[in-house]
Amino acid sequence: MATEARDRIAARDRIAAQRRTVDAPSSVRDDSDDEMIVSFPEFIFKEFIASVAMTVFLIIVSFIPAPLLGQANPGVTPNPSKAPWYFLGLQELLSRFPPLMAGVAFPTFVIVLMILVPFLDRNPSRRPSERKVAIILFALYMVIVVALVLIGVFFRGHEFIWNWGWVLGSPQSCGGAAC
Amino acid sequence: MRVIRAAIDEAYSVMAQMVGSVFRHGLPLTDKIAARTALTNFVLHIHPVRVRRSWIRMSYTLCLGGLSFFLFIVLTVTGLYLMFYYVPSTQHAYQDMRDLQFVVTFGGFIRNMHRWAAHAMVITVWLHMARVFLTGAYKKPREFNWGIGTVLLLITLLLSFTGYLLPWDQLSIWAVTVGTNMAKYAPIAGPYTRYLMLGGRAVGDATLLRFYVMHVVGLPLIGFLLMVIHFWRVRKDGFSGGL
Ligand code: HEM
Chain V
10 MATEARDRIA
20 ARDRIAAQRR
30 TVDAPSSVRD
40 DSDDEMIVSF
50 PEFIFKEFIA
60 SVAMTVFLII
70 VSFIPAPLLG
80 QANPGVTPNP
90 SKAPWYFLGL
100 QELLSRFPPL
110 MAGVAFPTFV
120 IVLMILVPFL
130 DRNPSRRPSE
140 RKVAIILFAL
150 YMVIVVALVL
160 IGVFFRGHEF
170 IWNWGWVLGS
180 PQSCGGAAC
Chain S
100 MRVIRAAIDE
110 AYSVMAQMVG
120 SVFRHGLPLT
130 DKIAARTALT
140 NFVLHIHPVR
150 VRRSWIRMSY
160 TLCLGGLSFF
170 LFIVLTVTGL
180 YLMFYYVPST
190 QHAYQDMRDL
200 QFVVTFGGFI
210 RNMHRWAAHA
220 MVITVWLHMA
230 RVFLTGAYKK
240 PREFNWGIGT
250 VLLLITLLLS
260 FTGYLLPWDQ
270 LSIWAVTVGT
280 NMAKYAPIAG
290 PYTRYLMLGG
300 RAVGDATLLR
310 FYVMHVVGLP
320 LIGFLLMVIH
330 FWRVRKDGFS
340 GGL
């Protein structure tokens, strides 16, 4: 922590110095990373490449059929019933903690915390080496979210009970009911 | 011979006029022409005229914000096609999905693309957020844009979630039943919130209509407006590129 604080002071000084020089003209062409270049065509071209790549990817995956099970039947509850995968982290929490905490307090807390992140993080530096604490905390958050989702998708079977057998999502597992 | 040459000349000049009416500039042979191009062409106009080389390194943004927007456009286009064939009522919805899959020309393909692009967008938006965090790009003066981004993430999730119900198969109604059950647990407001979302006590006709309206009009409209503000702020706050 002490080094982090020292880094932070150093970063503050450096950034203040940067602000003072930010208006200095830099019209010299130097082929460096800092050089101002006209965005057309180089930048536009990069975007074009990215969208072509994404289009090709989408066309390929679009040959995989999207799931369509039997018609909705309010009388037959598939078991397990799972939320869409991006909400499975929440469902996972709900299966472990009291609903008020997991279903309401926790998500609200995370959303508010996210919006407040820029105000809570008092460290002005943007260099990874000077923001170890922030990066570790964020990585932890990412790992937890991804783990919860993966557990929800693959390791929750009948009655949402733990199952090591890679229960693939809800489509295949409708608890024997005709779906 | 002369007549033919004159005809070709004429055709050429008509074509040149057509192209010239759309693109009001020539090839970007010099920086000056390139800059003028950027000012007069709409696609280019929503980009900055000049950028620092370090800003447009693909290794910095990984194109994730741009790809999120691109997927949003793909979803709008494919979604329009699906809307031609889909009626949001419990009577028709499921049969319409089957028709799309087996009868409508390219219906299955477009539906698959819509579905996979939606999943992809949840992932790219999430990774874009991670990129912004890891590069510290949310720091002053971009705090507000980070906030807008957070709301955009929620809207992306809600768009996916509302779309999930529309096929009206066993997967969709039960996923949405589970999802909306979570809302129930909020103190006092919980049951009312759930009632408001479902338009009743259980997932039914009213729910399908509500989800449909939010999915095709409400959320895309709000999302698009926020994206416009988001991009505007990226320009006005200055891009963070280069650490
Ligand atoms: C529908 C969702 C979103 C779209 C279409 C979108 C689009 C974009 C685009 C095109 C940029 C330009 C730079 C880049 O491509 O990285 C950008 C920058 C930015 N985005 Fe997003 N974004 C979305 C969601 C988010 C989210 C979820 C967050 C954070 C919670 C966020 C925060 C930011 C910030 C702070 C910047 C400025 C970054 C900088 O200057 O380096 N955005 N966004």
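Line by line, the protein sequences give chains V and S.
188 is the number that my numbering gives the last residue of the first sequence; the numbers go up by one with no jumps.
342 is the number that my numbering gives the last residue of the second sequence; the numbers go up by one with no jumps.
C-beta: ideal position from N, C-alpha, C; glycine also.
Computed from a predicted structure; not experimentally measured.
Shorter than 8 Å from the beta carbon of residue 146(S) to some beta carbon of chain V? So, interface residue.
Once the 5 residues before and after residue 20(V) are set aside, which same chain residues still bring their CB inside 8 Å of it? So the qualifying residues of the chain are 132, 133, 134, 136, 139.
Classify residue 73(V): buried if its beta carbon has 16 or more other beta carbons within 10 angstroms, exposed otherwise. exposed
Less than 8 Å between CB atoms is the rule here; does residue 118(V) satisfy it with respect to chain S? no
Looking at the structure shown, is residue 212(S) part of a helix, part of a strand, or coil, going by DSSP? Of the three classes helix, strand and coil, the one that applies to residue 212(S) here is helix, per DSSP.
Indicate the three-state DSSP secondary structure (helix, strand or coil) for residue 36(V) in the structure shown. Residue confidence is low: residue 36(V) scores 48 on pLDDT, short of 50, so the model does not pin down where it sits. No coordinate-derived value is stated.
Let me know the secondary structure DSSP gives residue 165(V) once reduced to three states. strand
At a Cβ threshold of 8 Å, is residue 44(V) touching chain S? yes
Does residue 27(V) get closer than 8 Å to chain S when you measure Cβ to Cβ? no
Exposure label - residue 192(S); buried when at least 16 CB within 10 Å: Counting Cβ neighbours within 10 Å, residue 192(S) comes out buried, since at least 16 surround it.
Residues near residue 318(S) by beta carbon distance below 8 Å, same chain, minus five either side: 254, 257, 258, 261
Opening and closing residue of the alpha helix (DSSP H) in which residue 118(S) lies: 101-121
Taking the CB atoms as reference points, tell me whether residue 209(S) and residue 181(S) lie closer together than 8 Å. yes
Is residue 237(S) near the ligand HEM, going by C-beta to nearest heavy atom under 7 Å? Correct: residue 237(S) has its Cβ closer than 7 Å to the ligand HEM.
Please tell me whether, using a cut-off of 7 Å, the distance from the CB of residue 140(V) to the nearest non-hydrogen atom of the ligand HEM is below it. With a threshold of 7 Å, the Cβ atom of residue 140(V) does not count as near the ligand HEM, since no heavy atom of the ligand is closer than that.
Does the CB of residue 12(V) have a neighbour CB from chain S at under 8 Å? Not an interface residue.
Can you tell me whether residue 141(V) is buried or exposed, with buried defined as 16 or more other CB within 10 angstroms of its CB? exposed
Skipping 5 residues on each side, what residues in its chain have a beta carbon closer than 7 Å to that of residue 100(S)? none
Residue burial classification, residue 213(S) (beta-carbon count within 10 angstroms, cutoff 16): buried
Tell me whether residue 255(S) counts as near the ligand HEM, meaning its Cβ is closer than 7 Å to at least one heavy atom of that ligand. yes
Taking the alpha helix (DSSP H) that residue 182(S) falls in, what are its first and last residues? 163-182
Just mark residue 219(S) as buried or exposed, buried being the case when its beta carbon has 16 or more other beta carbons within 10 Å. buried
Are there any heavy atoms of the ligand HEM lying less than 7 Å away from the beta-carbon of residue 228(S), as far as the coordinates show? yes
Return no unless some Cβ of chain S is closer than 8 Å to the Cβ of residue 141(V). Interface criterion not met: the Cβ of residue 141(V) is under 8 Å from no Cβ in chain S.
When you measure from the CB of residue 167(S) to every non-hydrogen atom of the ligand HEM, does any distance come out below 7 Å? yes
For residue 300(S) and residue 307(S), the rounded distance between their alpha carbons: 13 Å
Closest to residue 154(V) by CA distance: which of 211(S), 226(S), 128(S), 234(S) is it? 226(S)
What do you reckon, is the C-beta of residue 312(S) under 7 Å from a heavy atom of the ligand HEM? no
Do residue 87(V) and residue 269(S) have their beta-carbon atoms positioned less than 8 Å apart in this structure? yes
I need the DSSP call for residue 100(V), collapsed to helix, strand or coil. helix
Run the proximity test for residue 248(S): is its beta-carbon closer than 7 Å to any non-hydrogen atom belonging to the ligand HEM? yes
Could you tell me whether any non-hydrogen atom of the ligand HEM is closer than 7 Å to the CB of residue 151(V)? no
Tell me which residues share the same chain as residue 322(S) and place their Cβ nearer than 8 Å to its Cβ, disregarding the 5 neighbours each side in the sequence. 171, 251, 254, 255, 258
Using a Cβ-based criterion (distance less than 7 Å to any ligand heavy atom), does residue 171(V) qualify as near the ligand HEM? no
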